[in-house]
Structures are given as structure tokens and as C-alpha cells.
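Chains as they are written, first to last, in this note's numbering: chain A, 20 to 130; chain B, 30 to 143.
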């Protein structure tokens, strides 16, 4: 079993929809959680960075962490065709030296 | 312009040749990382360095080597011992030592070995 599980998709939604992207994990020691967006043939871009449980909002993006369920989510409101990309979750322990990544979810927003 | 640069963007090599991928950052970050990305897989850590003249193996270090002689530079050599070197290689840096700090990525180098 992988340490971080992420549905590969693709997830196809119409423009303007609310998108929910999710990751589950098995290591209860993970404390820091990140979401990256990666366009085709480009490097990942950091979108959200959260610590422990709770919500964090930045513009159209909301990151949610539920440590009791070992489940994290990224919500995108009013999705745009420019949001079409692969979304990677990543996480690490309190004093960890490296990030553990999910395999990524492909998102397609249709105009 | 602050950021991470990787060169070249595309690289082609014959089997049996060593090849070095460049990674430079002007963000004054302490830590630097090399990842490999294959289709349908997440990023896998090859090597990382938290301080000049020191580096550690990641999860898939076999067939790779690195050096960290300067804070801003972390080149990766893909040796002929790497059995399946064709992949997308990503370099990252983070402002603090230790994985609890967020990482920022370069644009990547796509290596094709035939």
C-alpha cells in the first residue's frame, strides 16, 4: 500500500463548477500538507501549504486537512479552463527531511 | 528575477554515456532536492542536500550522483549504471533545512536515453 493515495482521474468538470481533489494517507505522523499544480511538461507550482488540521483559504482555493481521518482535500471554486492541470498532494512529518507525494490527479475544466 | 533554473530543457543521450543535469537557484535557500517523475507516478526523491558539501540519498539514488560545492548549485549526474534513465527530472529548493518547509520547483529537464 502506498503511503499517500490519490485518484489519478482524469476528473472532467464544466467551467464554473466546484472541484474537490483528495488524498488519503497512512502515516499518522504527517503534520505538514501541501498542494501543487503542474501543467504539462512544467515543474510543479506550490498552491497551498498547511500545518496540522483545519482549513486554509486563498482566493478560489481552499485546503482542508482532517488528521483524524487521514484525509486532505483541495477545493477549487468557480473553476476555469486555466485550472486544467495535474494536482499533486505532498506531506511530511514534523521533523521530516523529505516530502511524500501522491501520484497526482488530472483535472480538465471544459469551457 | 528570483527562482530555480534547470538546463537544458530537453536532453538526448546514447546508452552508456553519463550526463549531468544543471540546477541553480538564486533564492538563498539552504536545501535542494532532485526528483524523478515518470508517467502516472508521483515524484520520487533521488538525492537531497541541506547544506553545502553535504548530501543524502533519497529513495532511488542508485545510478545517480550529486555534488553541492556551492549553496546555489546542485548538479545531478545520471550515470550509465542507471538502468532506466529516461524520465522528467525536477530540481527543488526550500528555505529551511528539513522537509517541514515548502519546496519550490524548477521547470524540469526531460532526459531521453536511446
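For every residue, glycine included, the Cβ atom is placed at its ideal position computed from N, Cα and C.
message: For a quick check, are the C-beta atoms of residue 54 of chain B and residue 101 of chain B less than 8 Å apart?
response: yes
query: Does the distance from the CB of residue 106 of chain A to the CB of residue 40 of chain A come in under 8 Å?
result: yes
task: Quick one: grab the DSSP three-state call for residue 102 of chain B.
output: strand
field: DSSP-derived helix/strand/coil call for residue 59 of chain B
entry: coil
query: In terms of DSSP beta bridges, what is residue 112 of chain A paired with?
result: A/49
query: Looking only at its own chain, which residues have a Cβ that is under 6 Å from the Cβ of residue 51 of chain A, when we skip the five neighbours before and after it?
result: 70, 111
- request: Run down chain B in chain order and give the residues with a C-beta less than 8 Å from the C-beta of residue 61 of chain A.
  value: 136, 137
query: What residue range is occupied by the uninterrupted beta strand (DSSP E) comprising residue 91 of chain B?
result: Element bounds for residue 91 of chain B: n/a, residue is neither H nor E.
task: Report the residues of the stretch 118-129 of chain A with a CB closer than 7 Å to any CB of chain B, ordered along the chain.
output: 118, 120, 121, 122, 123
query: For residue 29 of chain A, which of helix, strand or coil comes out of DSSP?
result: coil
- prompt: Can residue 76 of chain B and residue 85 of chain B be called in contact, C-beta distance under 8 Å?
  reply: yes
message: Can you tell me whether residue 124 of chain B is buried or exposed? The criterion is at least 16 other CB atoms within 10 Å of its CB, across all chains shown.
response: exposed
field: Short CB-CB distance (under 8 Å) between residue 105 of chain B and chain A
entry: no
- prompt: So with Cβ pairs under 8 Å, would you call residue 44 of chain A a contact of chain B?
  reply: no
Cβ shell of residue 109 of chain A (< 6 Å), same chain only, five flanking positions each side left out: 53, 118, 120
message: DSSP has residue 116 of chain B in a bridge; who is on the other side?
response: B/140
message: Please report the straight-line C-alpha distance between residue 92 of chain A and residue 43 of chain A, rounded to a whole angstrom.
response: 9 Å
- prompt: Counting pairs of beta carbons, one from the stretch 45-59 of chain B and one from the stretch 75-90 of chain A, are three or more of them closer than 8 Å?
  reply: no
For residue 97 of chain A, the nearest candidate out of A/22, A/25, A/37 (CA to CA): A/37
field: Residue environment, residue 124 of chain A, which counts as buried when at least 16 other CB atoms sit within 10 Å
entry: buried
field: Contact set between residue 65 of chain A and chain B, taken where Cβ atoms lie within less than 7 Å
entry: 131, 133
field: Neighbour-count burial assignment, residue 102 of chain A, 16 or more Cβ in a 10 Å radius
entry: buried
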